[in-house]
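Novice:
In this note's numbering, the protein residues as written are 239 to 399.
1) Drop a sphere of 10 angstroms on the beta-carbon of residue 323, count the other beta-carbons inside from all chains shown, and report buried for 16 or more, exposed for fewer.
2) Using a Cβ-Cβ cutoff of less than 6 Å, which residues in the same chain neighbour residue 378 once the five nearest sequence positions on both sides are dropped?
3) Go through its chain and collect everything with a Cβ distance to residue 386's Cβ below 7 Å, but skip five positions before and after it.
4) Taking the beta strand (DSSP E) that residue 281 belongs to, which residues open and close that run?
5) So the candidates are 316, 300 and 350; which of them puts its Cα closest to the Cα of residue 289?
6) To the nearest angstrom, how far is it from the Cα of residue 297 to the Cα of residue 353?
7) Is residue 284 buried or exposed, if buried means 16 or more other CB atoms sit within 10 Å of its CB?
8) To the nearest angstrom, how far is it from the Cα of residue 253 to the Cα of residue 346?
9) So which of 391, 261, 250 and 282 has the shortest CA-CA distance to residue 209?
10) Where does residue 399 fall in DSSP's three states?
See the structure below:
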């Protein structure tokens with residue numbers, strides 16, 4: 239089985255203070271709003287749990303209907319938190335699986351920096367992608383989409399306040 243090692247960094251300016259952006263990763267209800275309940279047509283959440291602390295775990299399982307043959311099946315995410323600096327940094331390791339077969343393992347760092355009254359969020363993933371993986375480009379695209387969902391969830395929080 240071949241392993242492809244790849245990494246990418248995404249920087250995103252978010253119009254919310256670093257404390258609020260950090261909370262979007264740590265508060266189970268808010269994280270679920272942008273990370274889990276963003277499902278599009280054909281996605282169904284099977285289960286999700288977040289225990290945000292060093293050594294804590296995050297787990298999710300989703301099912302994708304056959305609308306996209308390459309993505310159809312059950313997807314699972316298993317995360318363990320390795321380092322947390324409140325308001326500044328989160329480092330975690332995670333695996334992704336499809337239909338019970340792990341296809342990637344990654345180390346992720348998420349950094350939060352005050353910038354012009356908002357936050358510069360820097361996300362860096364270092365991944366090992368195994369045969370049959372979604373690959374680096376699809377993974378990066380998925381994170382671009384999720385960070386857009388994060389920014390929208392935070393904008394809704396401001397409107398609701």
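Every residue gets a Cβ at the ideal spot worked out from N, C-alpha and C, and that includes glycine.
Specialist: Well, looking at it:
1) exposed
2) 246
3) none
4) 281-288
5) 316
6) 31 Å
7) exposed
8) 23 Å
9) The structure shown does not extend to residue 209, since the chain is modelled only from 239 through 399, so no value can be given for it.
10) Per-residue confidence for residue 399 stands at a pLDDT of 46, beneath the threshold of 50, marking its modelled position as unreliable; no derived number is given.
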